[in-house]
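Okay, so here's the structure we're looking at.
Numbering (the numbering used here), first residue to last: 2 to 153.
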């Protein structure tokens with residue numbers, strides 16, 4: 002049951018699209034790129050920290066401790082969004098908010114965009130496969146216990 006609850010919390014945390022939409026509502030157009038870059042850097046830094054801290058927490062408190070820590074951080078995030086982040090004004094209108102159906106189709110079929118999509122897909126597939134292959138290799142080939150994976 003702990004793993005199921007953890008996966009529910011993980012799914013609830015998969016809100017990057019909503020965060021980007023909120024950011025778009027809360028920033029002026031000339032500052033939006035910088036704000037999105039800051040969020041991207043924060044996500045990358047969080048990922049790097051999680052790769053080191055996750056095995057330490059799991060070693061000290063077990064898998065349930067890791068899920069409890071994730072749930073606690075998710076709750077803190079909800080409270081920050083509810084009480085600290087300013088409310089978005091519904092009256093904002095951005096120049097890029099309209100959808101042109103012909104332009105959307107042409108954009109989705111654009112060769113450079115398709116190449117970029119394929120590259121991102123391969124990058125994410127390799128990253129996800131490393132989550133499976135690397136820990137197994139560390140245990141089976143290198144003889145490194147799970148509790149010490151944060152050393153790598």
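Even glycine gets a Cβ: it sits at the ideal position worked out from N, Cα and C.
With respect to residue 23, residue 89 sits close: the two C-beta atoms are nearer than 8 Å. With a threshold of 16 other beta carbon atoms within 10 Å, residue 108 falls short and is exposed. By the criterion of a C-beta distance shorter than 8 Å, residue 87 is surrounded in its chain by 27, once the five residues flanking it on both sides are discounted. Here the alpha carbon of residue 34 sits roughly 27 Å from the alpha carbon of residue 127. With a threshold of 16 other beta carbon atoms within 10 Å, residue 76 falls short and is exposed.
With the rule of 3 Cβ pairs closer than 8 Å, the region 137–152 counts as touching the region 59–78. Residue 142 and residue 134 have their C-alpha atoms spaced approximately 11 Å apart. Secondary structure note for residue 90: it is in no alpha helix (DSSP H), with a DSSP letter that is neither H nor E.
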